[in-house]
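Trainee: Take this structure first; my questions come after.
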Amino acid sequence: MAGLEGKTVTLPEVTREHCRLYFERRCVKPGVKASAYFKEVVASADTTNALDDVFEKLADATVVDAVALEEYRKAKPGRCGKLKVIHDSGAMPCAVVAYRAKRFDPETIRRFQVGLLGARSSASGKRMLEMIRITSFQHVPDTYAQQLADSVENYPPPAGK
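Structure, rendered in structure tokens:
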């Protein structure tokens, strides 16, 4: 990552929060803001434009998630084949849908869970997932607490927070 100091990077405006966290905490020197570390941080409309900018040498690098990179690979295999992943953040805990205990009756919770978990099985569900850029809903894994602990260790809050 040190090779990117003083370079131009592009960051999609629709960047997911875990990508933003990775960019701010792992792509720059500790305690240094991206605006001071890079020559320029350019906002791209979306992940496809950001990756195109790197391919077309309008930017030196970008940060996208694995889903966006795979979508780009399918849509533009020739271009994607000429790009190189220089660093991978590793697994980040997935977002969760949470609710306040005892706020909803068990049947409402069950129906909500069935609907979310089965979203990929209907055309309208697939469209909704694509629109919000989610591949699927899943049960919370047994390892979720450990994933959260690992993330706090790998991405500690800035000093003084």
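Going by the working numbering, the first residue of the sequence shown is number 29, and it counts up by one from there. Just so it is clear, CB atoms sit at the ideal spot from N, CA and C, and this is done for glycine as well.
1) How would you write the range of the beta strand (DSSP E) that S72 sits in, first residue to last?
2) Classify T163 as buried or exposed, calling it buried when 16 or more other Cβ atoms lie within 10 Å of its own Cβ.
3) Select from V60, M29, V92, A64 the residue whose C-alpha is nearest the C-alpha of N77.
4) Suppose only complete runs of 4+ residues qualify. What are the alpha helix (DSSP H) ranges in the stretch 134-176, listed by chain order?
5) What residues in its chain sit with their C-beta under 6 Å from that of L145, if we drop five residues either side in the sequence?
6) Check whether the stretch 33-52 touches the stretch 71-89, counting contact only when three or more Cβ pairs, one atom from each stretch, lie closer than 8 Å.
7) For P40, write down the residues that DSSP places opposite it in a beta bridge.
8) Quick check on the burial criterion: 16 or more other C-beta atoms within 10 angstroms. Buried or exposed for V142?
9) When you compare only the Cα positions, how much space is there between A177 and P185?
10) Compute the Euclidean distance between the alpha carbons of S149 and F140, then round it to the nearest angstrom.
11) Between E33 and A62, what straight-line distance do the alpha-carbon atoms span, to the nearest angstrom?
12) With distances taken between CB atoms, is the gap from L49 to F83 smaller than 8 Å?
Mentor: For this structure:
1) Per DSSP, S72 belongs to the beta strand (DSSP E) from 68-72.
2) Exposed.
3) Of all alpha-carbon atoms in V60, M29, V92, A64, the one lying nearest the alpha-carbon of N77 is that of V92.
4) Residue ranges of uninterrupted alpha helix (DSSP H) with 4 or more members, entirely inside the stretch 134-176 and ordered along the chain, are 134-145, 151-159.
5) So the list reads F165, once near-sequence residues are dropped.
6) At 8 Å Cβ cutoff, the stretches touch.
7) Partner(s): S72.
8) Classification of V142: exposed, given that the 10 Å Cβ count is below 16.
9) Those two C-alpha atoms are separated by around 13 Å.
10) Near 15 Å, if we compare the C-alpha coordinates of F140 and S149.
11) Cα-Cα distance, rounded: 9 Å.
12) No; because the gap between Cβ atoms is not below 8 Å, this pair is not in contact.
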